[in-house]
Amino acid sequence: MLKTSQSNADEYLYPVRREYEQIVITAPGPKLLGKSEENVEEDSENTLVIEDAEAGRELYSAFNSAVLAFTRALVRARVEPVHMKLNVDSEEQEGDRVVLSALLDADVEVKIEASLSKIKYLIVFPKRDRRSRRIAKKLENALLSVLQEPLTA
Numbered sequence: 069m070l071k072t073s074q075s076n077a078d079e080y081l082y083p084v085r086r087e088y089e090q091i092v093i094t095a096p097g098p099k100l101l102g103k104s105e106e107n108v109e110e111d112s113e114n115t116l117v118i119e120d121a122e123a124g125r126e127l128y129s130a131f132n133s134a135v136l137a138f139t140r141a142l143v144r145a146r147v148e149p150v151h152m153k154l155n156v157d158s159e160e161q162e163g164d165r166v167v168l169s170a171l172l173d174a175d176v177e178v179k180i181e182a183s184l185s186k187i188k189y190l191i192v193f194p195k196r197d198r199r200s201r202r203i204a205k206k207l208e209n210a211l212l213s214v215l216q217e218p219l220t221a
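Throughout, our numbering is defined as the position within the sequence shown, counted from one, plus 68.
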């Protein structure tokens with residue numbers, strides 16, 4: 069159900085850099101069957117408009133559960149984010165997704181991508197910086213343990 073991997077290239081979320089290491093954790097998201105292309109359109113300000121209320125609720129639910137798990141992992145790892153930024157993307161090949169990027173340290177970045185099919189956590193840190201590696205590993209362990217628990221309680 070949960071999958072974790074380490075790689076040096078994830079084209080969708082972070083550019084390829086040899087001096088950085090990535091930890092990718094994926095979890096299944098809510099599946100929406102029968103979603104058509106007419107349900108999503110962009111207005112002139114590049115904001116996402118979802119006409120189907122059920123699709124919007126599913127995406128909202130996926131993003132909320134991803135952020136809740138991330139927040140619990142931050143508390144468990146005792147890490148405080150320096151900066152957070154929220155983006156909503158509409159891509160043709162993957163559909164709608166919400167991306168929250170957080171800067172945990174000067175060199176540690178976390179990106180959470182929530183879509184209807186999966187939730188992806190990407191932790192990027194320099195290979196040779198021990199402090200950044202320690203922060204990333206603490207967050208990875210905390211996130212894996214939080215994702216194994218039920219989110220309600």
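Even glycine gets a Cβ: it sits at the ideal position worked out from N, Cα and C.
Proximity to L172 [Cα-Cα], best of I187, R199 and K195:
R199
Please report how far the alpha carbon of V143 lies from the alpha carbon of E177, in whole angstroms.
16 Å
Rounded distance between the beta-carbons of T94 and K186, thought under 8 Å
5 Å
Between the alpha carbons of R146 and D175, how many angstroms are there, rounded?
17 Å
Tell me the rounded alpha-carbon separation between E109 and D197.
Bear in mind that a pLDDT of 45 at E109, under 50, signals an unreliable position, so the number given afterwards is only what the model happens to contain. For E109 and D197, the distance between alpha carbons rounds to 43 Å.
Going by DSSP, which residues form a beta bridge with P194?
Y88
Which residue from K205, P194, T139 and E217 puts its Cα closest to that of R86?
P194
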